[in-house]
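For reference, the structure discussed in these notes is given below.
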Amino acid sequence: MTKEKFLPEKFYIVGFGRREMKTSEFRETIHTALLKYFDEKGLDSYGWDRLSNNLYYRQGVFEEKEPYQKLAELLVSFDKEVGACITRYFYLATPPQYYSTIISHLDHSKLAEGCGQGTAKWTRILIEKPFGQDAESAMELENQLAKTFEEKQIYRIDHYLGKEAIQNIIAFRFANGIFEPVWNKDYIDHVQITMAEMAGVEGRIGFYEGVGALRDVMQNHMLAMLSLVAMEQPSNFSAESVRDARASTLTSIKLIDEENVDRVVVRGQYGPGVIKGAKIVGYRQEEKVKKNSSTETYVAMKVFLEQARWKGIPWYLRTGKRLSTNAVEISIVFKQICHILFKEIGCPEEGNILTLRISPNPGIKVRFIVKPPGHEFKLSTTDMEFSYKKSFEKEKEIDAYEHILEEIFKADQMLFNRSDEMHAAWKFVNVILKHWEKNLPGNFPNYDAGSWGPKGADELIRKDGKHWLLH
Ligand code: BG6
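Structure follows, in C-alpha cells:
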C-alpha cells in the first residue's frame, strides 16, 4: 500500500501496548519483522522510509486510565499538526479478553469521539476474531460496543472475506450465467468445505488453549465460506445487500439438536505423528498445554440449510491442525445421474464436481465426463482448471489483510461481518459448545499429526454413502 502510494504522505500509526519501548525501538521492531518477508532492498522499494517516519509508540497498561489520556493528547497533537480532524482507527489486535476493558477506556477517555466530538463520527473500531467466546459473551461485547460506536463505525474482521478467491465466489456465481441455474438442490448432491492446515498452533498456544477449532475457525472462516456459496443473489452490489444475503444464509443454518451433536459433529485433537519427515509432538505435549487438555484441534460436521434452494442437501465442513496437507477448498458435488444412453457402458461413480480452491494456488477446477481416446466408447472423468497465478501472472497478488485495510479506509463494510451475521454464526455454534462443555471428550488424542483427522470424520460422511474428496 505504501509502494503504490495508496496511503497519503503523512499518516500516523501508533503502537499502544504494555511493553516499554521508544518510538525508535518500535520502528526497529517493525523493520525486523518486515525483513522476514522482504530483503533490505525490497523493503526500500516498498517505501520503508515513508512508512517508518509515520510509526509511533506509546506504552500503556490496558487497564489503566492514564495511558489513554496520554494517547488522546498525542492524537490531538497530530490533529493540530495537520490542521484537520484525522480519522482514528482503533485496531484491537490484542488478546480478546482485553476488548471490553479497552472499549470502555476508549469511551471514557473520549478517544472514541475523535476530534469531531461526537457528531462527525470520525473514528472506527477494528476488531479481530474471536468476537466473544460464545453467543452470550459476543452479545455482551456487542452491547458494550453499541454504547460507544454505531454499526457503521464497527469493522469485525474475518480475513477470509478479504481473500481474492473468496471475493471471487460472488463474481463466479452471479457474473457467469451458466452456473446459477444449476446452483440448487435439484442439481447438487452435497457440498464439502475443507480447511486443512499442516501447521500446529505455533506461538499462539496462549490464545488457542481453551478456544479450539470450533471457535477459532468454524464460527468464522468456515461459515463465511458457506454463506457466500449458499447465499441468494444480493439485491444489488452494495455492502448492505451483500451482508443481508450472507446474514440470511447464516440464519438459515439448521440448529443442531443438542442430543444429536455427537451424531453430526466430530471433534478431534492430534497426538504425536510425522509431517514431511519431521516428528511432531502431540498437542498435549506442547508447552503450556494442559496434560489432559480437551481443546479440539479438529472439527468436522454435517449441516443443513433451511432454505428452499438447499432443502435436504448436506453440507460437510471440516477443519483441523497438523493434518497431512495445507488446503482450503470448497467442492460442489453435482448429482451423478448416469444418462440412459450410457446405462450399458456404465458411468464413472462421480460426475461433475466444481472445486473452488482458496489456497494454496487459488483457482477453480471443474470435473467433467469425457470419452477417453481409443477404439472403445467408454466414459471417464477429467479436470478443467483455472489458476489465478497462470491467468493473471502479471497482476500482483494482494494479501487478504491489504484488501481489508483498503476497504476500511474506503469505509466500505462489505468484507466485514455485520452484527446479525456474527450472532447467527454464534447461535449455531453455541449448541455444540454447550454440549461439549457438558461432555468432555473421552478419546483425545484421536488422530495422529500428519493424518487426515479422526476416523469419526470419515465415518460421518461415509454413512451417507459419500467420501471426502481430499484425503
Ligand atoms: C486464523 C486462525 O484466523 O486463520 C488460525 O486463528 C489459522 O488458527 C488462520 O491458522 C488461517 O488463515 P490462513 O489465511 O493462513 O488460511
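The opening residue of the sequence shown carries number -6 in our numbering; numbering runs sequentially from there. Note that CB positions come from ideal geometry on N, CA and C, so glycine has one too. Quantities reported herein were computed from a predicted structural model and do not represent experimental measurements.
How close, in whole Å, do the beta carbons of Ser220 and Leu243 come, if the pair is a contact with beta carbons under 8 Å?
5 Å
If the criterion is Cβ atoms closer than 9 Å, does the pair Gly10 and Gln62 meet it?
no
Rounded to whole angstroms, how far is the Cβ of Tyr440 from the Cβ of Gly261, which I believe are closer than 8 Å?
5 Å
For Leu153, is the classification buried or exposed, using 16 other Cβ atoms within 10 angstroms of its Cβ as the cut-off for buried?
First, the residue type needs correcting, since residue 153 is Tyr and not Leu in the sequence shown. The residue in question, Tyr153, is buried, as its Cβ has 16 or more Cβ neighbours within 10 Å.
Got a sec, what are the start and stop residues for the alpha helix (DSSP H) Asp98 sits in?
The sequence shown places His at residue 98, rather than the Asp named in the question. Per DSSP, His98 belongs to the alpha helix (DSSP H) from Tyr92 to His101.
Assuming contact is defined by CB atoms lying nearer than 9 Å, are Val491 and Met294 in contact in what I supplied?
As shown, the chain starts at -6 and ends at 464. That puts residue 491 outside it, with no answer to give.
What residue range is occupied by the uninterrupted beta strand (DSSP E) comprising Arg81?
Arg81 to Leu85
Within a Cβ cutoff of 6 Å, which residues of the same chain sit near Phe142, ignoring the five residues on either side of it in sequence?
Ile118
4 or more residues per run - each alpha helix (DSSP H) lying fully within the region 253 to 294:
254 to 257
So, helix, strand or coil for Lys145, using DSSP?
helix
Which two residues bound the contiguous beta strand (DSSP E) that contains Met188?
Ile181 to Ala189
Distance, Ser17 Cα to Arg311 Cα:
44 Å
With DSSP collapsed to three states, give me the class of Trp308.
strand
Assign Thr318 to one of three DSSP states: helix, strand, or coil.
coil
Under 8 Å, with one C-beta from each stretch per pair, do the region 73 to 84 and the region 18 to 36 reach the 3-pair mark?
no
Among Thr348, Ala442 and Val267, which one has its Cα closest to the Cα of Ile186?
Thr348
Distance, Cα to Cα, Arg149 vs Leu138?
11 Å
Beta-carbon separation of Met132 and His416 under 9 Å?
yes
Within its chain, find whatever has a CB closer than 8 Å to the CB of Lys364; leave out the 5 residues flanking it on each side and keep chain order.
Phe370, Lys371, Leu372 and Ser373
If you scan the region 311 to 397 from start to end, which runs of the beta strand (DSSP E) of 3 or more residues do you find wholly inside it?
320 to 327, 346 to 352, 356 to 363 and 373 to 380
Within the present structure, is the beta-carbon of Arg197 separated from the nearest heavy atom of ligand 1 by less than 8 Å?
yes
Measuring CB to CB, does Ile120 end up less than 9 Å from Ile79?
no
Residues near Glu173 in its chain [Cβ-Cβ closer than 7 Å; skip 5 each side]
Arg166 and Phe167
If we count the other Cβ atoms within 10 Å of its Cβ and call it buried at 16 or more, is Tyr394 buried or exposed?
exposed
Using 9 Å as the threshold, is the C-beta distance between Thr50 and Gly8 below it?
Looking at the sequence provided, one finds Tyr at residue 50 rather than Thr. Result yes, Cβ atoms of Tyr50 and Gly8 sit closer than 9 Å.
First through last residue of the beta strand (DSSP E) which encompasses Glu121
Thr116 to Glu121
beta-carbon Asp179 near ligand 1 non-hydrogen atom, thresh 8 Å:
no
Pick from Val222, Asn410 and Glu56 that is closest to Ile96, judged by C-alpha positions:
Glu56
Taking 9 Å as the threshold (C-beta atoms), are Lys3 and Val75 in contact?
yes
Which class does Val296 belong to by DSSP, given the choice of helix, strand or coil?
strand
For Leu483, which residues of its own chain have a beta-carbon under 7 Å away from its beta-carbon, when the five flanking residues on both sides are left out?
Because the chain spans -6 through 464 in this model, residue 483 falls outside it and cannot be assessed.
Is the closest heavy atom of ligand 1 to the C-beta of Asn161 under 8 Å?
no
DSSP three-state assignment for Leu48, whether helix, strand or coil:
strand
If you drop the 5 nearest sequence neighbours on each side, which residues of the same chain put their C-beta closer than 7 Å to that of Glu13?
Gln52
Residue span of the alpha helix (DSSP H) that contains Ile23, given as start and end
Thr16 to Leu27
Who are the near neighbours of Phe297 in its chain, counting only those whose CB is closer than 6 Å to its CB and skipping five residues on each side?
Lys247
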